[in-house]
Every structure is written in C-alpha cells, then in structure tokens.
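Visitor: Sharing a structure below in structure tokens format, with a few things to ask.
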Amino acid sequence: MPGSLTSPDDLPSGSGFRMLLLGDVMGMAGVKAVTRILPDLRRDWGLDFVIVNGENSNGFGMIPESATNLLRSGVDVLTGGNHTLRPSAIHGVLEKNPRVLRPHNLGSATTPGRGFGVYESPGGVPVAVINLIGQVFMEPADSPFNAFDTIYAEVSSQAPLVIVDFHAEATGEKVALAHHCDGRASFIGGTHTHVPTADARILPGGTGAITDLGLCGASDAIIGMEPEAILGKSRHAIPSRFNPARGQVHLQGVLAFLDPTSGKTLDVLRVDLPIP
Ligand SMILES: [Fe+2]
Ligand SMILES: [Fe+2]
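All residue numbers for the sequence shown refer to numbering that gives the first Met the number 0, where the first residue is 0 and numbers rise by one.
Here is the structure:
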C-alpha cells in the first residue's frame, strides 16, 4: 500500500526521478498556495519535474496571469481540462507557450493550443507530457485511447518518461485508460473530479496510476466552490454564480518516483498538504 505525505516537513525518501503531480488548482486561493509552497517544496523534496492541472485557476478556466505565476513558482507544465478554453484571453497563451496544455482530443484542428509536448527537466531528462479528456459524462471528444496511441508513437522515441493527465469524470474510463497505457506510459494521473482517490498503485507493466489526484483548493467547500450557490442549484434548481471557496487550502496529488532508464514507476506516494 503506497504511503502518503501530509506535511511539507515530511521529507520523502526513495530513489528515482521525482515527479510531483498536483490536481486541479481552484481559484486564487489555490494559485496562492501553490506559488507560495512550491519553491520550498522543489528544494526540500528534491523535485525533478512538476505537473499541475490549471483548468480551475480562475474558477472556470485560466487567465494568463495565473499561468505565468504558476510557471514562475516552479511548475514545469500546466495541464488543462474541459474549462481550459475560457476565457478567450488564455487562447494566446495556449498558442504560444508549449508549457501550457489543453486536452489533445478536445476540439478540432483549429482549436487553440496543443495537448502534448516533450520537455527537458532541469536535470536534463526528457519528459513527455500528454493531456487527454474523457468521453463518458463529458462534452464530445475524440477517443482518448486512440489519441494516446498516436501521440505515444510520436513521443516515445524522444523521451524515456511519458506522463499522462487524463481529465475525466467516470472512474471506469479512467482505470481503463490506465490499463491501456500500462507498460508504455510512466505514470497516468486522473484529474477533473476534485476528489482524490485512494488507489495510487503500480500496474503490472510498470505504469504508475491514480484515478484522481484531487484538488488544490479550499477543503471546506463543494469540490472547491462555495457551498451555498451549489446547494441552491442542487436543492432548488436556482442558478447562481459559483465562486471558489476561501479558507483552509489543501494541495493534493502524488509524488511518483520514476526510473528514467526503463520509464517505469518505482514507487508512488499520495500527497495531501494543508497550507496555512
Ligand atoms: Fe477541475
Ligand atoms: Fe474539469
């Protein structure tokens, strides 16, 4: 059973390439928490690469300022989801900055941005990051299974480490894609539900996986949003503006230890850090 890190003072032991993946960053509170803690965490935990899902950093969507602040704080790649294409101010960032991704199998050939890239870690190890979105209980998208196969064929010769952010609602679809990637991807982390799952594991072919990384946002909330408006909609069908909640923030995700030679996951620890 994988262990967990519940404080920035928990110094992880273990060998391998240290890859931190964090779940959806919610609102300004989430952005502030990540940008405040990540420089120290990068140093103290000896992180080699950091991937964060930024689709909710402006509540619904991401604005250029949040992308800039997250990248400057030590995020290597920002992934996205169903909210990434709004507001339109982010379109230019998606076009110009290869470190900001949107799901590759979403939209068409003219949709702004891209869904994968090959990056060099600060230590010189090439890392491929692939961002995909699910088809179950989501808006229309192309097959994430076929998209993975096509992208993997292109990037696998360029990078020994291949990381997938699979942004999807249905746990069954997420576990299915994890098995589809097993033996090819180094790690696949689910995003979108904002609720972390307890199934961090290494699959038979050596691919590390977790169905959902969780949330970087207020914990006393409904998936990061103020409860009142969501309860009003759920109970009385009255639509109102949803705002990111304030209060105690948790950063949730995983720390994966990867073998840069074989591309396999050696170990994985869940991360859930309360940030004052
Ligand atoms: Fe989200
Ligand atoms: Fe989402």
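Where a beta carbon is used, it is the ideal one built from N, C-alpha and C, also for glycine.
Using 8 Å as the threshold, is the stretch 38-48 in touch with the stretch 173-187, meaning 3 or more CB pairs across them?
Guide: No: fewer than three Cβ pairs fall under 8 Å.
Visitor: In the DSSP assignment, what residue or residues form a beta bridge with residue 241?
Guide: Answer is none; residue 241 lacks a bridge partner.
Visitor: Near residue 0, what residues of its chain come up, given a Cβ to Cβ distance below 8 Å and the 5 sequence neighbours on each side ignored?
Guide: Since pLDDT at residue 0 reaches only 40, below the 50 mark, its modelled position is unreliable, and the value read off the structure follows with that caveat. Nothing listed; no residue qualifies.
Visitor: Short of 6 Å in beta carbon distance, which residues of its chain neighbour residue 186, apart from the five on each side in sequence? Order them along the chain.
Guide: Answer for residue 186: 162, 207, 255 and 264, listed in chain order.
Visitor: So, with DSSP's three-state summary, where would you put residue 147?
Guide: Helix at residue 147.
Visitor: Going by beta-carbon coordinates alone, are residue 281 and residue 174 separated by less than 8 Å?
Guide: Outside the shown range of the chain (0 to 275) lies residue 281, about which nothing can therefore be said.
Visitor: From residue 257 to residue 246, what distance separates their C-alpha atoms?
Guide: Spanning the two alpha carbons is a distance of roughly 34 Å.
Visitor: Output needed for residue 83: all residues of its chain with C-beta closer than 6 Å, excluding positions within five of it in sequence on either side, in chain order.
Guide: Excluding sequence neighbours, residue 83 sits near 54 and 101.
Visitor: Output the distance between the C-alpha atoms of residue 269 and residue 145, rounded to the nearest integer angstrom.
Guide: Distance between the alpha carbons of residue 269 and residue 145: 29 Å.
Visitor: Starting from the N-terminal side, write out each stretch of the alpha helix (DSSP H) that is 4 residues or longer and does not extend beyond the stretch 44-131.
Guide: Complete alpha helix (DSSP H) runs here, min 4: 63-71 and 90-95.
Visitor: Just the C-alpha distance for residue 236 and residue 160, rounded to the nearest angstrom, thanks.
Guide: Near 46 Å, if we compare the C-alpha coordinates of residue 160 and residue 236.
Visitor: With a threshold of 6 Å on Cβ separation, who are the neighbours of residue 46 within its own chain once the five nearest residues in sequence on each side are excluded?
Guide: The answer, listed in chain order, is 17 and 19.
Visitor: Residue 234 lies in the alpha helix (DSSP H); which residues open and close that run?
Guide: That run of the alpha helix (DSSP H) goes 226-235.
Visitor: Would you say the beta carbon of residue 354 comes nearer than 7 Å to a heavy atom of ligand 1?
Guide: This structure cannot settle anything about residue 354, because the visible part of the chain is limited to 0 through 275.
Visitor: Which residue wins for smallest C-alpha separation from residue 148, given the options 135, 140, 129 and 157?
Guide: Residue 129 is the option with its Cα nearest to residue 148.
Visitor: Alpha carbon to alpha carbon, how far is residue 98 from residue 78? Give it in angstroms, no decimals.
Guide: Roughly 8 Å between the two C-alpha positions.
Visitor: Under the criterion of a Cβ to heavy atom distance below 7 Å, does residue 96 qualify as lining ligand 2?
Guide: No, since every heavy atom of ligand 2 falls outside the 7 Å radius drawn around the Cβ of residue 96.
Visitor: By the DSSP assignment, the alpha helix (DSSP H) with residue 174 in it spans what residues?
Guide: Residue 174 -> alpha helix (DSSP H) spans 170-180.
Visitor: Under 7 Å: does the beta carbon of residue 168 sit that close to some heavy atom of ligand 1?
Guide: No.
Visitor: For ligand 2, is there any heavy atom lying closer than 7 Å to the beta carbon of residue 81?
Guide: Yes, Cβ of residue 81 sits closer than 7 Å to a heavy atom of ligand 2.
Visitor: Who does residue 256 pair with in a DSSP beta bridge?
Guide: Per DSSP, 17 and 266.
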